[in-house]
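>
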Amino acid sequence: MGELLALLSALCFGITHFVNGLVSRRHDGLTVALHAQLGGTVLGLILALSLNGGSATLADHGWGALSGVGTGVGVAFLYRAMSKGAMSVVVPVSDVGAVALPVLVGVCFLGERPGVPAWLGIAAVLPALWLVSQSSPEPDGTHQRGTVSAGVPSALVASVGFGVQFLAMAQVDKDSGLWPVVLSRVVSVAVIAVVLGTYGASWRLRGWPWAATVAAGALGTLAIVLYLEATRQQLMAIATVLSALYPAIPVLLALVVLKERLNRGQVAGLVCAALAVGLIALR
Numbered sequence: 099m100g101e102l103l104a105l106l107s108a109l110c111f112g113i114t115h116f117v118n119g120l121v122s123r124r125h126d127g128l129t130v131a132l133h134a135q136l137g138g139t140v141l142g143l144i145l146a147l148s149l150n151g152g153s154a155t156l157a158d159h160g161w162g163a164l165s166g167v168g169t170g171v172g173v174a175f176l177y178r179a180m181s182k183g184a185m186s187v188v189v190p191v192s193d194v195g196a197v198a199l200p201v202l203v204g205v206c207f208l209g210e211r212p213g214v215p216a217w218l219g220i221a222a223v224l225p226a227l228w229l230v231s232q233s234s235p236e237p238d239g240t241h242q243r244g245t246v247s248a249g250v251p252s253a254l255v256a257s258v259g260f261g262v263q264f265l266a267m268a269q270v271d272k273d274s275g276l277w278p279v280v281l282s283r284v285v286s287v288a289v290i291a292v293v294l295g296t297y298g299a300s301w302r303l304r305g306w307p308w309a310a311t312v313a314a315g316a317l318g319t320l321a322i323v324l325y326l327e328a329t330r331q332q333l334m335a336i337a338t339v340l341s342a343l344y345p346a347i348p349v350l351l352a353l354v355v356l357k358e359r360l361n362r363g364q365v366a367g368l369v370c371a372a373l374a375v376g377l378i379a380l381r
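Quick note: to get the numbering used here, add 98 to the position in the sequence shown (first position is 1).
#1: Identify which residue in ALA108, ALA163 and THR169 has its Cα closest to the Cα of ALA134.
#2: Compare the C-beta of THR129 against all C-beta atoms of chain C and say whether one is closer than 7 Å.
#3: Which residue marks the beginning of the alpha helix (DSSP H) containing ASN118, and which one marks its end?
#4: Secondary structure at ALA299, three-state DSSP: helix, strand or coil?
#5: What does the alpha-carbon distance come out to for the pair THR245 and SER192?
#6: Under 7 Å Cβ to Cβ from GLU327, same chain only, skipping five residues before and after it: list those, please.
#7: Considering only residues of the same chain and omitting the five flanking positions on each side of GLY239, which have a CB-CB separation below 6 Å?
#8: Residue range of the alpha helix (DSSP H) that PRO307 falls in?
#9: For ALA222 versus ALA374, is the C-beta spacing smaller than 7 Å?
#10: Using the rule of at least 16 other Cβ atoms within 10 Å of the residue's Cβ for burial, across every protein chain shown, is HIS115 buried or exposed?
#11: Where do the N-terminal and C-terminal ends of the alpha helix (DSSP H) with ARG359 fall, by residue?
#12: Alpha carbon to alpha carbon, how far is ALA371 from THR139? Give it in angstroms, no decimals.
#13: Output needed for ALA163: all residues of its chain with C-beta closer than 7 Å, excluding positions within five of it in sequence on either side, in chain order.
#14: Look up PRO158 in the DSSP assignment and say whether it is helix, strand or coil.
#15: At the level of alpha carbons, what is the spacing between VAL171 and GLY213?
#16: DSSP on ARG211, reduced to helix/strand/coil?
#17: Going by alpha carbons, who is nearest to LYS357 out of MET180, SER186, GLY112 and VAL312?
#18: What are the boundary residues of the alpha helix (DSSP H) that includes SER341?
#19: Kindly indicate which residue of ILE336, LEU368, VAL339 and SER341 has the alpha-carbon position closest to the one of LEU350.
#20: Classify GLY259 as helix, strand or coil using the three-state DSSP reduction.
#21: Tell me whether the segment 121-130 and the segment 142-161 touch, counting them as touching only if at least three CB pairs, one residue from each stretch, are closer than 8 Å.
#22: With DSSP as the reference, label GLN269 as helix, strand or coil.
#23: Please look up how many angstroms separate the CB atoms of TYR297 and LEU136, rounded, as I've assumed it's under 8 Å.
#24: Answer yes or no: do LEU294 and LEU132 have a C-beta to C-beta separation smaller than 7 Å?
#25: So, do the segment 267-277 and the segment 172-184 have three or more beta carbon pairs nearer to each other than 8 Å?
#26: Just to confirm, are VAL173 and SER257 a CB contact at a threshold of 7 Å?
#27: Are the segment 200-207 and the segment 334-346 touching, with three or more C-beta to C-beta distances below 8 Å?
#28: What does the alpha-carbon distance come out to for the pair HIS125 and TRP301?
#29: Given a cut-off of 7 Å, decide if PRO345 and VAL167 are closer than it, judged by their beta-carbon atoms.
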C-alpha cells in the first residue's frame with residue numbers, strides 16, 4: 099500500500115508541475131509559485147480541520163516548517179527554471195536532489211536497509227532521470243542548448259529544496275495529523291514571498307492562469323499528504339524514490355498535450371523509470 103501511495107503522490111506532483119509549468123511560460127515563475135502554494139495552503143487547512151487533529155509535538159511542527167522551507171525553495175526555483183528552460187529538462191534536473199538527499203540520509207543515519215531489488219531500482223532512478231533530461235531535437239534537428247542551460251542552475255537549486263522537503267516531512271510522526279503539513283505550506287508561502295521580493299517579480303496573477311495555478315497548488319498539497327502517509331507504511335528511501343519519479347508525468351503530458359517529441363534517450367529513460375518502479379515495489 100505504501101508503494102501505491104507514493105506513486106499516487108508522484109502522479110499528483112507531476113500534474114502539478116506540468117500545469118504550473120504551462121502557466122510559467124507566460125507569467126513569472128515566482129508569481130506562479132506563490133499562488134500555487136497559497137492554493138495548497140487552503141486545501142491543507144480544509145483537510146486539517148476536517149480530519150482528526152492528531153497529537154503533533156513541537157518537533158513535528160519543526161520538521162513541518164523545515165519541509166516548508168524546502169518546498170518554498172524547490173517550487174520557486176523550479177517554476178523560475180521553467181520560465182526560462184525546456185520543461186522536459188528542468189523538471190528531471192530538479193529531481194536529482196529530491197532522490198539523492200533523503201535516500202542517503204535514510205541509509206547513512208536512520209539505519210534503513212532496502213533489499214537488493216530495491217537497491218537495483220534505486221540505482222536505476224538516476225540514469226532514468228539523466229536520460230529523460232536529454233532535450234528533444236527541434237524540427238530542423240538542432241538542440242536549444244542555450245535555452246536548456248538557462249534553466250538548469252535554478253533547477254539544481256530546486257533539487258536541493260525538494261530533497262529537504264521530502265527528508266523533513268518523512269520525520270513527522272505518524273500520529274501528528276496534518277497540522278505540520280499546513281505549517282509547511284504557510285512557511286513555503288513566506289519563503290517564496292521573500293524570493294519573489296528579492297527578484298522584484300510581479301505579485302499579481304489573474305483569470306484562468308490564477309485558477310489553474312491555485313488548483314494545481316492544491317493538488318501539490320494532496321501529493322505531500324500522500325507522500326507523508328507513504329513514509330508511514332514504507333521505508334523513507336523507498337517512498338522518496340517512488341514519489342520522486344514525478345518527472346515522467348510532465349514528459350508524458352508534454353508528449354500527448356503539447357505534441358512534443360521524445361528522443362531515444364528520453365524513451366529509454368521512461369523505460370528505465372518503469373523498471374525502477376517494479377524493482378522497488380519488490381523490495
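Ideal Cβ placement from N, Cα and C applies to all residues, glycine included. Predicted model, so just to flag it, every value in this text is computed and none were measured.
With the given structure in hand:
#1: Nearest to ALA134 by C-alpha distance, out of ALA108, ALA163 and THR169, is THR169.
#2: Among the protein chains of the structure shown there is no chain C, as only one such chain exists.
#3: 100-122 is the span of the alpha helix (DSSP H), which, as asked, contains ASN118.
#4: The answer is coil: DSSP assigns ALA299 none of H, G, I, E or B.
#5: Its pLDDT being 38, under 50, THR245 is placed unreliably in this model, and the value from its coordinates should be taken loosely. Roughly 16 Å separates the two Cα atoms.
#6: Sequence-distant partners of GLU327 (beyond 5 residues in either direction) whose C-beta falls short of 7 Å from its own C-beta, in its chain, are LEU103.
#7: With a pLDDT of only 48 at GLY239, under the threshold of 50, the placement of this residue in the model should not be trusted, and no figure is reported.
#8: Per DSSP, PRO307 is one residue of the alpha helix (DSSP H) stretching across 305-331.
#9: When the beta-carbon positions are compared, ALA222 and ALA374 come within less than 7 Å of each other.
#10: So HIS115 ends up on the buried side.
#11: Segment: none, ARG359 is in no alpha helix (DSSP H) and carries neither H nor E.
#12: Between THR139 and ALA371, the C-alpha separation is close to 31 Å.
#13: Beyond the five residues adjoining it in sequence on each side, ALA163 comes within less than 7 Å, by CB distance, of LEU281, SER282 and VAL285 in the same chain, given in chain order.
#14: Note that residue 158 is Asp in the sequence shown here, rather than Pro. DSSP, reduced to helix, strand and coil, places ASP158 within a helical segment of the structure shown.
#15: Whole-angstrom Cα-Cα distance: 32 Å.
#16: It is coil, neither helix nor strand.
#17: Looking only at MET180, SER186, GLY112 and VAL312, the smallest Cα-Cα distance to LYS357 is reached by SER186.
#18: In the DSSP annotation of this structure, the continuous segment of the alpha helix (DSSP H) that includes SER341 starts and ends at 334-341.
#19: Ranking ILE336, LEU368, VAL339 and SER341 by Cα distance to LEU350 puts LEU368 first.
#20: Of the three classes helix, strand and coil, the one that applies to GLY259 here is helix, per DSSP.
#21: No: fewer than three Cβ pairs fall under 8 Å.
#22: Here DSSP, grouped into helix, strand and coil, assigns GLN269 to coil.
#23: A Cβ-Cβ distance of about 18 Å is found for the pair TYR297 and LEU136, leaving them out of contact under the 8 Å criterion.
#24: At the C-beta level, LEU294 and LEU132 come within 7 Å of one another.
#25: Contact between the segment 267-277 and the segment 172-184 is absent, because fewer than three Cβ pairs lie under 8 Å.
#26: In this structure, VAL173 keeps its C-beta atom at 7 Å or more from the C-beta atom of SER257.
#27: Note that the segment 200-207 touches the segment 334-346; at least 3 beta-carbon pairs, one per stretch, sit closer than 8 Å.
#28: Cα to Cα, the separation comes out at about 11 Å.
#29: The criterion of a C-beta distance shorter than 7 Å is not satisfied by VAL167 and PRO345.
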